[in-house]
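The structure under discussion appears below in the form of structure tokens.
Residue numbers (this note's numbering): 645 to 783.
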């Protein structure tokens, strides 16, 4: 999702995630660490941990941690293909890793001029079910 996303999407995100857990038996969730959407997804997922048996995997693009770590470090992975990549491609490689590990992508993409849009298209090429919670129609 985008670096910036409106807080108002939280209730919709909550509904979608719970539906995936209850009706599609999704138990493993991959989430990144860059931006407002990732932070919101992590918050929503943590809210479900006490209610459902789920696994949250926080996929790192970089090993260094800044002082704004909001996620549980014990839930993190640093994929080998990310580690071996040129650092300027770390986020790209991290996102590709999450796509390859997934069957469904929940995203917030509201324009086609972003990396989020690019990765949504990549996920579609891999056959993932895409759930874009943005209310905007992308043209």
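By construction, the Cβ of each residue, glycine as well, lies at the ideal position given by its N, Cα and C atoms. No experiment lies behind these values; they were computed from the predicted model shown.
Close-in-space but distant-in-sequence residues of the same chain around residue i (CB under 7 angstroms, 5 per side omitted)
{"i": "residue 649", "result": "680, 681, 684, 752"}
{"i": "residue 674", "result": "701, 703, 742, 745, 746"}
{"i": "residue 722", "result": "704, 707"}
{"i": "residue 767", "result": "743, 749, 774"}
Neighbour-count burial assignment, residue i, 16 or more Cβ in a 10 Å radius
{"i": "residue 737", "result": "buried"}
{"i": "residue 659", "result": "exposed"}
{"i": "residue 770", "result": "exposed"}
{"i": "residue 750", "result": "buried"}
{"i": "residue 667", "result": "exposed"}
{"i": "residue 715", "result": "buried"}
{"i": "residue 765", "result": "exposed"}
Those residues which DSSP pairs with residue i across a bridge
{"i": "residue 674", "result": "701"}
{"i": "residue 751", "result": "776"}
{"i": "residue 766", "result": "According to DSSP, which records beta bridges pairwise, residue 766 is partnered with nothing at all."}
{"i": "residue 713", "result": "In the DSSP output, where bridge partners are listed per residue, residue 713 has none listed."}
{"i": "residue 721", "result": "703"}
Proximal residues to residue i (C-beta, below 6 angstroms), its chain only, five neighbours per side dropped
{"i": "residue 783", "result": "Only weak support is given to the placement of residue 783: the predicted model assigns it a pLDDT of 48, under 50, and the value that follows is read from those uncertain coordinates. There are no such residues."}
{"i": "residue 713", "result": "none"}
{"i": "residue 739", "result": "763"}
Own chain, CB closer than 8 angstroms to residue i, minus 5 neighbours either side, in chain order
{"i": "residue 731", "result": "706"}
{"i": "residue 692", "result": "661, 662, 665, 698"}
Beta-carbon proximity check, residue i vs residue j, cutoff 7 angstroms
{"i": "residue 696", "j": "residue 665", "result": "yes"}
{"i": "residue 688", "j": "residue 717", "result": "no"}
{"i": "residue 672", "j": "residue 652", "result": "no"}
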